[in-house]
Amino acid sequence: MIDVAVVSFAQWSAREEPARNEVEILIPVVAEAIERSGIGRKEIGFTVSGSCDYLAGAPFAFVTGLDAVGAWPPIRESHVEMDGAWALYEAWVRLQHGDIDSALVYSFGKSSLGDLPIVLSQQLDPYYQAPLWLDSISAAALQARAWLNAGHDEGEMAEVAARSRRAAKDNPNAVVSGDQSAEALLREPFLVTPLRRHDCPPISDGAVAVVLAAGDRAREVCERPAWIRGIDHRIEAHGLGVRELATSASARLAGERAGVDGVDVAELHAPFSHQEPILRDALGLSNGVDVNPSGGALAANVVMGAGLTRIGEAASRIMDGRAARAVAHATSGPCLQHNLVCVLAGDAT
Amino acid sequence: MAETTEPVTMIDTPIELRYRFTAGLAQSRFLRGVEQGRLLGQRCPQCKKVYVSPRGACAACGVPTDEEVEVSDTGTVTTFCVVNVPFYDQKMEIPYVSATILLDGADIGLMHLIQECPSEDVHMGMRVEAVWKPPEERTPSLESIKYFRPTGEPDADYESYGAHV
Amino acid sequence: MSELCAVVGIGQTHHKSARPDVSIAGLCREAATRALDDAEMTWTDIDAVVIGKAPDMFEGVVMPEIYLADALGAVGKPMMRVHTAGSVGGSTALVAAGLLQGGIHERVLTVAFEKQSEADAMWALSRPMPFAPPTMAGAGGYFSPLIRAYIRRSDAPSNIGILVAVKDRLNALKNPYAHLRLEDISIEKVEESPMLWDPIRYLETCPSSDGACAMVLTSEAIGSRAAKPPAWVLGTAMRSEPTMFAGRDAVNPQAGKDCAADVFAQAGITNPREQIDCIEMYVPFSWYEPMWLENLGFVPDGEGWKMTEKGATALDGELPVNMSGGVLSTNPIGASGMLRFAEAALQVRGQAGEHQVDGARTALGHAYGGGSQFFSMWVVSADKP
C-alpha cells in the first residue's frame, strides 16, 4: 500500500448563498485548497468530485464544476454522484497505482434551491417507496423512534444538539451555533416526532476541497500530513424494514476494516442527532473521544460535501497538531444505509 | 372474480420538484446588460481572452474573470445546424437554424437562432447581426435578442474565425 | 507499481427501446447474472460493486446505487456509483479496474445501465435553463455543427456518414443483443430517412435504449486460474477538458488525443494501426467514426473518412470498427461506454460469435461524453504483457 495523506483542506458554507452560483462558490475554495497544499495547480495528478444533479434540478450539473479547476491542458478527472467522501476514496485508490502522487477532491451543492427532504425521498425504491414520498426527515424520524425504543431517551439527542451548537461557535463555516442547553432544546416543539428542528441538519449551501498527496510528496509539501491509515465503506440493504435501524452494521464493519481504535477525535457525519450515538456505538468510540469538534452536520450540512468535510475537519486537527489520530465518517442514503470510515493519523502513529 | 388479469408492467409515478435557479454574479451582470441592449463579456486576466456569455471563470486557466468588455452585437457564424427533430416542450417551429456566433470583440461563440434567411443559405463565415426585441419587451434573458440575421456583408475572412470551427 | 487486472466475465441484456418485462433492478441483474455465469462465479464471490449510469433524471431515481444494493448482491460490501456523463460506462469500468490495479480487492462486479423508457431522456437532455435562448435540441443539436466543421476541414464526400450507418447496422444483425436490427438496411434507406439536424439523418443516429452491461474483473492471480481465457487490461486512461474556452477545438479534442496517447503508451502500442486488431468506439452519430479514427491517432488528420470509404472499418476490413453494431445500434446511455469496453474484451476472448473478428488479440475500447470533453479508454489483450 502506498501511503496517502490529506495535505490541505478548504471549505465555505452558509445557510443560503443568494447571488453566486455553485461554480462561483467553488472557485475560491478550490483555489485555497491548492494554494495551501503547496502543489501547483497544473501538477495535480488526478481530480475527482462528488455532487448530485438533483440538488440543482439540472442534469450534468457537475460538468460546470470543471470551470473552477482549470482543466487545460486536459486532466485526469472523474466524478461520482455521491458525497465527496467517496470521491476521496476513488482518489485514494487511484493514488495506489503509483504513477501519480497528488489528487484534488471537491464537492459543491446548494441545498437551498430545492426542497431537500422531498428531493431525497426520490432515492427510495422507485416502484414501491418513492411514490409514497417519504421525505428524508420522516425517514430519519422512523429511525429515531426505533432507537428510542431500543432503550435510549430524547435527552441524549438534545445533548448531542446542544454540544454540537456550542462547538460550532468556533467554526466560521457553521450555519447553526449557540449556547442553548439540552433542557431548553427539549422544550422546543416537535418537527416530525420524535425529531425537533434542532435534531435535524440545517439547509446549507457551499463547497469543500481537499488535496491528497502520496509518500514523499506529502512530506515535501506538508509539515504534518494527515496520513490515511485505513479507509473502507460498506452498504446495507435498502428497505427500512429489512435492516436494524437502531444500530449501524455497515458503519461497524467499515470501522473494523479501517481500523478505528485509539483515536482522539471523531468527525461523524450524523445529519440527525440520534445518529451520532448510533455511530459512536458502531465505531466503538470511548467517552474520551472528542466527537464533532466542528459541530458536525448539525452545524452545517452541505449535502454531497458534508462527508468530505468530516474528513477535512479531522485531517486539519492532525495537520495543526491538535490530534494524533482521528476517525472521519461519511454517510449516504436514508437512515445510514451506506457508510464510509476513514482513519487518519500523524507521523508518530 | 373468475376473470384473469394482466400482470402490471408499468405504473405512472409523476414527479414534480420545484427549484429556484441562481444565474450567478457573472451571468446576472451579463443578463442585466442584455436587458439594456448591451452584450458584456469578461476578459481573463491570464490568457486575456474575452468570454461571452461569461461564467465568472476562465475555464482553461481556472481563474476568476472580472474585467468587463463590451462586445458588438454583430458577428460571424462559425458553426450551425438545422434542427428538424420534434421533442417535448420545444418552443420553436421546426425546422430552425441554431448557430454559434463569434461576436466582434469576443473570443468565444454564443449560441442563438438564425432567421430571415433560408436555412440552406446559412454558412460558416456568414456575417450576422442581432435583431433585438423593442426595449420595453426586453428581459434579463438572451430571448431579448429575437434572433440573428444576415447583415449582407461579404463573408468574414477564414483567419478571423477559423480557430473556432 | 500497478497490478494487472483481468476481465473474466462479460454480460449484457437484450437491449430494446423498452424493457417492460423487468424493473431497473431486473435489468441490471440480467446483465450481472450473465457476467457472473460467464466467470463461473456467484454473487458471494464478489468483493465490491461499482455501478455507473448517466444522469439520474433519465429514470427519475436519485442515486440508484442506494436502491440497487440488494439486487446487486452488494449488502455488506463496498459500492460506488460513477457519473461522468456519456463516457460513464467506460469510466465505471476504469474505476472498477482501478480497484484491482490498486490491489484493493480481488473480484469486482461492475454494471452500467440505463432504463430510458422509464422517464424522458430527450427532455432531460434538452431541459432549457432559465434565461437561455431556446436553441438546444438534444445531443444532435450540439454535435451536428461539429460534424459540419469536420466535413469542411477534411473535404470528405457527403456520403461517408451513410456508409458508417449501413455498416454498423449490418453488424448489429450479427449481434443477438443489439437493439436496432434493421434487416432491410441499405444506402437508399438511410438517404431517404428524415434529416434531423443537417447533416445527420434519422438512420445515422443512435436509438434510445433500455439496457445494461456488466463485467467481472479480477486480480492477475485469479485471472490466471479463470475458467475461460481472460482479457488482460493492458492500459486504462481518462482525460477531461472544459466545455468551452477560447480557442477550444471541440471537433478534434485534445483530451481525446491525450487519452489515446496515454493508454497506448501503457499498453506498449507504438503503431496503433498495426497493433490494434479492432476498435469499439463511441459513435452516436455516424460521422464520428472517421472523426474518432483521427482523434485516436489511427490515421493522420483529414484521412479518417478514407478508411470508412474503402471498407477498412468493416467487419472483414483491415481495422474493424464497432463490430457489435456500436452505439448507433444500441444506446442505453449509461451503459454504452461499458458496452464498448466489454465488446472489445469479448473480441480478444474469442467470444463475439457471429461478429467476431478472426484472430483478434488486442482491442481498444473507447467512450466519450459531455461536449466531447470526457474520454475514457482501455486496451485489452488475449496476451499478458
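Residue numbers (my numbering), protein chains in the order written: chain A, 6 to 354; chain B, 4 to 168; chain C, 166 to 550.
We treat Cβ as the ideally placed atom computed from N, Cα and C, and that holds for glycine.
Owing to the predicted nature of the structure, the values given are computational and were not obtained by experimental measurement.
query = Below 8 Å, can you find three or more Cβ-Cβ pairs linking the region 275 to 294 of chain C to the region 491 to 509 of chain C?
reply = yes
ask   = Around the Cβ of Y447/C, are there at least 16 other Cβ atoms within 10 angstroms (buried) or fewer (exposed)?
value = buried
ask   = How many angstroms separate the CA atom of A26/B from the CA atom of P295/C?
value = About 8 Å.
ask   = What span of residues does the alpha helix (DSSP H) with Q431/C cover, start to end?
value = 419 to 432
request  = Work out the CA separation of I233/A and E519/C for me, nearest whole Å.
outcome  = 49 Å
query = With 16 as the cutoff for other CB atoms within 10 Å, does H270/C come out buried or exposed?
reply = buried
inquiry  = Is E281/A near the ligand MN - that is, is its Cβ less than 7 Å away from at least one heavy atom of it?
reply    = This structure lacks the ligand MN; in fact it carries no ligand of any kind.
ask   = When the Cα of Y307/C is compared with those of I350/C, A547/C, M542/C, G536/C, which residue comes out closest?
value = G536/C
task = If I'm right that C371/C touches L493/C with Cβ under 8 Å, what's the distance once you round it to whole angstroms?
result = 5 Å
task = Excluding the 5 residues preceding and the 5 following S163/B in the sequence, name in chain order all residues of the same chain whose CB lies nearer than 7 Å to its CB.
result = T79
request  = Pull up the distance between the alpha-carbon of L480/C and that of M488/C, whole angstroms please.
outcome  = 6 Å
inquiry  = So, under 8 Å CB-CB, G255/C and M542/C are touching, yes? Tell me the CB distance rounded to an integer number of Å.
reply    = 7 Å
message = In the DSSP assignment, the beta strand (DSSP E) including K354/C goes from what residue to what residue?
response = From DSSP, K354/C is part of no beta strand (DSSP E) but of the alpha helix (DSSP H) over 352 to 357.
message = For the region 114 to 129 of chain A, list every residue whose C-beta sits within 8 Å of some C-beta in chain B, in sequence order.
response = K115, S117, L118, G119, D120, I123, V124, Q127
key: Span of the alpha helix (DSSP H), counted from its first residue to its last, around Y161/B   = It spans 161 to 164 - the alpha helix (DSSP H) in which Y161/B sits, taken as one unbroken run.
inquiry  = Please identify, using Cβ separations under 8 Å, the residues of the region 119 to 151 of chain B that lie next to chain C, in order along the chain.
reply    = Of all residues in the region 119 to 151 of chain B, the ones placed with a Cβ closer than 8 Å to any Cβ belonging to chain C are S122, M127, P143, S144, L145, E146, I148, in chain order.
ask   = Can you name the residues of chain C whose CB is closer than 9 Å to the CB of Q342/A?
value = I231, A234
ask   = Does the Cβ-Cβ distance between V381/C and L274/C come in under 8 Å?
value = It is a contact, given that the beta carbons lie within the stated cut-off.
task = Check the DSSP bridge columns for L274/C and list the partner residues they point to.
result = V214/C, V381/C
query = Roughly how far, in whole angstroms, is the beta-carbon of T8/B from the beta-carbon of L311/C, given that I think they are within contact range, below 8 Å?
reply = Actually they are not in contact, since the Cβ atoms of T8/B and L311/C sit about 51 Å apart, beyond 8 Å.
request  = Can you tell me the Cβ-Cβ gap for V11/A and A320/A, rounded? I've got them flagged as a contact below 8 Å.
outcome  = 4 Å
M245/C in three-state terms, based on DSSP = strand
ask   = Comparing the C-beta of H248/C with each C-beta of chain A, is any distance below 8 Å?
value = yes
task = Could you name the residues of the region 65 to 81 of chain A whose beta carbon sits closer than 9 Å to any beta carbon of chain C, in the order they occur along the chain?
result = F65, A66, F67, V68, T69, L71, D72, V74, G75, A76, W77, P78, P79, I80, R81
request  = Leaving aside the five residues before and after A179/A along the sequence, list all residues of the same chain whose C-beta is less than 7 Å from its C-beta, in chain order.
outcome  = Result list for A179/A: A173, G300, A304, A305, in chain order.
request  = Could you tell me whether the region 239 to 247 of chain A touches the region 308 to 315 of chain A, using the rule of 3 or more Cβ pairs below 8 Å?
outcome  = no
task = Report yes or no: is there a C-beta of chain A within less than 8 Å of the C-beta of P153/B?
result = Contact with chain A is absent for P153/B, since none of that chain's Cβ atoms lies less than 8 Å from the residue's Cβ.
query = Does any CB atom of chain B fall closer than 8 Å to the CB of G305/C?
reply = yes
inquiry  = Let's test the definition: count the other Cβ atoms within 10 Å of the Cβ of K47/A and tell me whether it reaches 16, buried, or not, exposed.
reply    = It counts as exposed.
Top-ranked residue by Cα proximity to L17/B, from A213/C, A507/C, E283/C, A430/C = Looking at the sequence itself, residue 17/B is Pro, so the reference to Leu does not match. Minimum Cα distance to P17/B is reached at E283/C.
request  = Out of E356/C, E468/C, A415/C, D466/C, point me to the one whose CA is closest to G326/C's CA.
outcome  = The residue with the shortest Cα to Cα distance from G326/C is E356/C.
ask   = Opposite I444/C in the DSSP bridges: which residues?
value = V486/C, L529/C
query = Rounded C-beta distance between A149/A and L200/A? I'm assuming under 8 Å.
reply = 6 Å
task = Output the distance between the C-alpha atoms of A231/A and P206/A, rounded to the nearest integer angstrom.
result = 27 Å
request  = Please decide whether T408/C counts as near chain B, where near means a Cβ-Cβ distance under 8 Å.
outcome  = Any Cβ of chain B closer than 8 Å to the Cβ of T408/C would place that residue at the interface, and such an atom is present.
message = Output needed for D285/C: all residues of its chain with C-beta closer than 7 Å, excluding positions within five of it in sequence on either side, in chain order.
response = Excluding sequence neighbours, D285/C sits near nothing in its chain.
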